[in-house]
C-alpha cells in the first residue's frame, strides 16, 4: 500500500481538493469509536463514488460510508478506518412519478426533506418510514441500516417498500437492481439484500420506493394502565382484531414519564386513514381499553398527535418542556415473538430495577421489537450494564429472538456482542461478505460477519 | 457417476419407496408448465430435512446437479432438469408443523399446497395473503422460490413479503436457519435474496409464514368495458387518485369468452374488457371509497358495473379470474405466457402495442393481467407441432419483453426467469449487475449444483 499522503493526493485527483477533508481537528468529528479517519471524501456524483471505491479497492483502504452520522454509535468497533465517504452531496430527487406513486432519490437527501416535497406535490403523498432522528437521517443511512419506527406496524419496513436500488460495489462497479414496477422477479432480489447491509456489500447511491397517499385523517389514543398484564391483554386483542392502527406502542412508566405522560404503563395507538375509520377506531379502542382496565384514556389530535410520535421516534433525544435532555448513549434493541413482548417488557423492567439501572422500555407491540434506553449510563455503571445486556439477551433468545446494541460508547462495545448471539446462517453471511468484498474494504468490523 | 450406481446410492440414503427411476417417471418429471423439457437422471421424494440434507451432500460430493421441485407448475422452465441430475420432489414434505396463531405465524414444510394452508387458516379466521392463481395446486416451497404474486399483492405484497424464515439446506448438506418467527434478525437479509432465487441458492425444508386476521369487510366489483383502453385508463386513474384497492385485475375479450365457455361464471362475452376491483379493510368509509371508484369507472365510460352481493357472487367472479389460464389453454394446443411488468401508468399504451405484436406475428394473444401492478400476462396461443408458428411465438415473446423494458418495466413480474427468459436478462441488467448476482450465487453455491442453467446467463456479453 502506498503511504497516506500518496493516496490522499490520488483521491484529490478524483474529486477535487475542496472535497477532501484532511485537517486533523475536523477529522475528529468523523471518528468512529474513537478512530479518526485519515481523510473524509465528499464525492459529488455516483461516478466519483465509483472511482473512489475502485481506488480504495486496489489500495485496500478501509472505507466507512456516512450520511448525517446518526448511526455512528452503532455497529461493532471498526477494524480500521482510512476513509469516511460522505454521501451528503449526492442528494437529488431523481424522479417523482406521481401517478405511479413511486419516487427515486439519492442517498444523501434527508427523509425530512423528502417528506416535505411529497406533502407539497400534487394531492400529497408520503414515504411511510418513521425511523429515529428522521429530521437528520439520510435516506441512504436509513436504508443501509434498515432503520424503522412505530408505524411499521401498518406500513411495514423498507424491505416491503423499496422497488429498486442503485449502489457501487466494493470494486467500484456501479450496479442497479429492481426498478420502478411494484412487482419484479427478474434476477435475484438484490435490493432486499442491500437493505440493512450496513454498507458492507456496497455503497447505496439511490433508491426507488413506493409511496402512499396521505391519510385523510389521523389521531392518537393513549391508554394508561396500572397493571402490565392488562395493557398486554389490550395489545393482544387489537393484534387479533380487524382494527388497523398504524402504530401500537407499549411502554413502561419511565418511558411515559420522559414523554411527559403519567402512567405506570402506557399503550399508544396511532390511527390513520379515512375519517370514518379513524373516528371509529379511536372510540372502539378507547372502550376496549376501559373494559381491559385502563386507568385513563386520552385522545391527541392535530399538532399534539404529530409531536407525540416525533418524540417517541426520537426518544433518545426527547425533551420534556423546555429542558433538552442529552441523547442517551446506550440503546438496546431486542426482537422476540410478538405475543411475548408485554411479558418480556415486564421481565426487563424487573431486571433493570434489580441491577439498579435506570432503563426506559418501549415496544412495537405489533411487531415484537423492544427498545431499551439506558437512562443513567456512566463509567461506574458499565459492569452492571454488561451483565444486564447478557440477561436481556438470554431472555430474548428464550422467545426466538436476539438483542443488538443499537448505540453504545466504545468501552461498552469492547465487553459485549454488539450483534447479539451468533446464528446458524452466519456461515453464509461470512462467505457472502468474503465473496463480494474480498479485500474487506467496506466498513470492516462494523457488521455481522465483518471480515 | 454411472446412473445405476447413483440410483443405488440414493435408494440407500432415502429408501426404495422414495426413489423413482423408471422411464415413465422420467417422462412425468421432464416438464413443467413452460415449453421446456429435459429428463432428470433420478427422482427422489424425501420425507424429512435430514433426507434432503443427505441427498444434497451426496450430490455435492459427486458434483451432480440437484433441483428442488414442488407441483411442477413453473411457467419459465424453473423446475426442469436442463442439466440432468437429481430432481428432489418435496411433495411428501407437506405437513403444517406449527399453527402459532398467537404470534401470527405458521411453520410449514415446502410441499404444503398453498390453498390447503389457506383453507385451514380460514377455519381459524386468519389469512395467508399471497394468492397465485394456481394456488389450488402450487406449493409454498415453489411460491417462495419463484416469489409468486397473485391478485392481492397489489395491496399486500408478494410471497417474499410474507415468508419470514426458512430452514435451508446449503450446498454441502449443512442445515441452517435463516430469519425466523421474530422480525429483524441481525445480519444480512438472506431471506430477501432467497425469495425468488428459483432454487439456485439452496433448498428450503421449512418456512415460517406471516398470517393476519381476516379483514372486516370486502367489496368486489366487476366493471365491464367496451374498450380495453378505457379499462386500462380506469386503472391508472384509480391509482392516480391515491386509491390502492386490494386488487385491480383485468382480462380481454378472448379471455372472457374462453372463461365463460369453460366455467359459465356470467361474464359478458361481448365485452372488450372486464376489470375486477376488490376493496378490503374496515367497513367504515368503504361505501364512500366505492362511490369514488365507481365515479372514476363512469368517467372512463364503463358499460356496466356489478357489485357482488355476497360471498357466492364474489367466489364466482374469482373462479373466473383464477381459471383464466386453464380456460385459455382449451383454445389451442399450447400457450406461452409472458409476465413482463411495466409502471402501471404505462399500461394502456403497452397493451395497445401487445395487440400490434400479435397482429405482426399472426398469433392470437389472450390478455389477463394484474393491472394495478402493471403486470401483463399475454397468453400467446399456438400449436407447438407447427415449427414455423413456434418460431414466431418465441420472436413475439422476445418482442413483448423488449417492449416492457422500453416502457420502463421489467421482463418478469412473478413467473421467474428460469430458462425461458434468461436471454432477456441482458435487456435490463448490465454485466456488472449480473456479476454482482453471480457473487451471491457463488457464496451460496460455489460448485453451481443448485438448479444450474437458470436465472443468470452463463456467458457475459462481450465487453
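Chains as they are written, first to last, in this note's numbering: chain A, 277 to 727; chain B, 236 to 698.
Note that beta-carbon positions come from the ideal geometry of N, C-alpha and C, so glycine has one too.
None of these values were measured; they are calculated from a predicted model.
Extent of the continuous beta strand (DSSP E) run through residue i
i	result
residue 569 of chain B	569-572
residue 355 of chain B	Segment 349-358 is the alpha helix (DSSP H) holding residue 355 of chain B; no beta strand (DSSP E) there.
residue 276 of chain A	This structure cannot speak to residue 276 of chain A, because chain A is shown only from 277 to 727.
residue 546 of chain B	Unbroken run through residue 546 of chain B is the alpha helix (DSSP H), 546-557; no beta strand (DSSP E).
residue 473 of chain A	From DSSP, residue 473 of chain A is part of no beta strand (DSSP E); its letter is neither H nor E.
residue 378 of chain B	Run containing residue 378 of chain B: none in the beta strand (DSSP E); it sits in the alpha helix (DSSP H), 375-381.
residue 565 of chain B	No beta strand (DSSP E) contains residue 565 of chain B, which DSSP labels as neither H nor E.
Distance between beta carbons of residue j and residue i, contact taken as under 8 Å
i	j	result
residue 436 of chain B	residue 685 of chain B	6 Å
residue 635 of chain B	residue 575 of chain B	6 Å
residue 415 of chain A	residue 381 of chain A	5 Å
residue 430 of chain B	residue 465 of chain A	6 Å
residue 456 of chain A	residue 484 of chain A	5 Å
residue 710 of chain B	residue 598 of chain B	Residue 710 of chain B lies beyond the stretch modelled for chain B, which goes from 236 to 698, so this question has no answer here.
residue 529 of chain B	residue 521 of chain B	Actually they do not touch by this definition, with Cβ atoms about 12 Å apart.
residue 664 of chain A	residue 631 of chain A	5 Å
residue 374 of chain B	residue 346 of chain B	5 Å
residue 470 of chain B	residue 483 of chain B	5 Å
For residue i, the nearest candidate out of the options (CA to CA)
i	options	result
residue 438 of chain A	A/447, A/514, A/488, A/330	A/488
residue 404 of chain A	A/359, A/618, A/522, A/553	A/522
residue 657 of chain B	A/461, A/673, A/563, A/318	A/461
residue 662 of chain B	A/452, A/391, A/379	A/452
residue 285 of chain B	B/249, B/355, B/319	B/249
residue 491 of chain B	B/577, B/530, B/600, B/596	B/600
residue 341 of chain B	B/693, B/362, B/281	B/362
residue 421 of chain B	A/682, A/481, A/396	A/682
residue 581 of chain B	B/594, B/474, B/290, B/411	B/474
residue 305 of chain B	B/289, B/336, B/273, B/266	B/266
residue 389 of chain B	B/407, B/364, B/405, B/381	B/364
residue 615 of chain B	B/280, B/424, B/489, B/349	B/489
residue 625 of chain A	A/540, A/482, A/336, A/333	A/540
residue 467 of chain B	B/603, B/310, B/240, B/676	B/603
residue 554 of chain B	B/622, B/386, B/398, B/689	B/386
residue 444 of chain A	A/433, A/432, A/490, A/480	A/480
residue 397 of chain A	A/436, A/656, A/379, A/442	A/379
Range covered by the alpha helix (DSSP H) that runs through residue i
i	result
residue 482 of chain A	Residue 482 of chain A -> not in any alpha helix (DSSP H); beta strand (DSSP E) instead, spanning 479-486.
residue 394 of chain B	From DSSP, residue 394 of chain B is part of no alpha helix (DSSP H); its letter is neither H nor E.
residue 667 of chain B	666-679
residue 577 of chain A	Here residue 577 of chain A belongs to no alpha helix (DSSP H), and DSSP marks it neither H nor E.
residue 429 of chain A	428-431
residue 341 of chain A	Careful: residue 341 of chain A lies outside any alpha helix (DSSP H), inside the beta strand (DSSP E) at 339-342.
residue 685 of chain B	Here residue 685 of chain B belongs to no alpha helix (DSSP H), and DSSP marks it neither H nor E.
residue 473 of chain B	463-475
Own chain, CB closer than 7 Å to residue i, minus 5 neighbours either side, in chain order
i	result
residue 678 of chain B	none
residue 282 of chain B	253, 327, 328
residue 474 of chain A	351, 420, 421, 719, 722, 723
residue 244 of chain B	293
residue 297 of chain A	303, 315, 316
Contacting residues, own chain, Cβ-Cβ under 8 Å from residue i (five flanking each side not counted)
i	result
residue 312 of chain A	300, 303, 304, 306, 357
residue 520 of chain A	430, 549, 553, 557
residue 662 of chain A	688, 691, 692
residue 588 of chain B	638
residue 696 of chain B	Note that residue 696 of chain B has pLDDT 48, beneath the 50 cutoff, so the model's placement of it is unreliable and the number below is only indicative. Hits under 8 Å: 661, 666.
Other residues of its chain near residue i: CB distance less than 6 Å, five sequence neighbours each side excluded
i	result
residue 264 of chain B	275, 278, 322
residue 447 of chain B	362
residue 600 of chain A	Below a pLDDT of 50, predicted positions are generally treated as unreliable, and residue 600 of chain A, at 49, falls in that range; the measurement from the model is reported next regardless. Cβ within range, chain order: n/a, list empty.
Original post:
Are the stretch 360-380 of chain A and the stretch 461-470 of chain B touching, with three or more C-beta to C-beta distances below 8 Å?
Top reply: no
**OP:** Could you tell me whether the stretch 294-304 of chain B touches the stretch 358-372 of chain B, where touching means 3 or more Cβ pairs closer than 8 Å?
**Re:** no
Subject >> Three CB pairs or more closer than 8 Å across the stretch 508-526 of chain A and the stretch 566-582 of chain A >> reply: yes
Original post:
So, do the stretch 639-651 of chain B and the stretch 597-617 of chain B have three or more beta carbon pairs nearer to each other than 8 Å?
Top reply: yes
Original post:
Counting pairs of beta carbons, one from the stretch 444-457 of chain B and one from the stretch 544-560 of chain B, are three or more of them closer than 8 Å?
Top reply: yes
Subject >> Three-pair Cβ contact test at 8 Å for the stretch 647-655 of chain A versus the stretch 608-615 of chain A >> reply: yes
Original post:
Are the stretch 462-471 of chain A and the stretch 497-505 of chain A in contact at 8 Å, needing three or more beta carbon pairs?
Top reply: no
Subject >> contact_flag[the stretch 662-678 of chain A, the stretch 413-427 of chain B] where n(CB pairs < 8 Å) is 3 or more >> reply: yes
**OP:** Check whether the stretch 631-644 of chain A touches the stretch 524-539 of chain A, counting contact only when three or more Cβ pairs, one atom from each stretch, lie closer than 8 Å.
**Re:** yes
Original post:
Any contact of the stretch 283-297 of chain A with the stretch 313-323 of chain A, i.e. 3+ C-beta pairs under 8 Å?
Top reply: yes
**OP:** Take every Cβ of the stretch 574-581 of chain A, pair it with every Cβ of the stretch 619-630 of chain A, and state whether three or more of those distances are shorter than 8 Å.
**Re:** no
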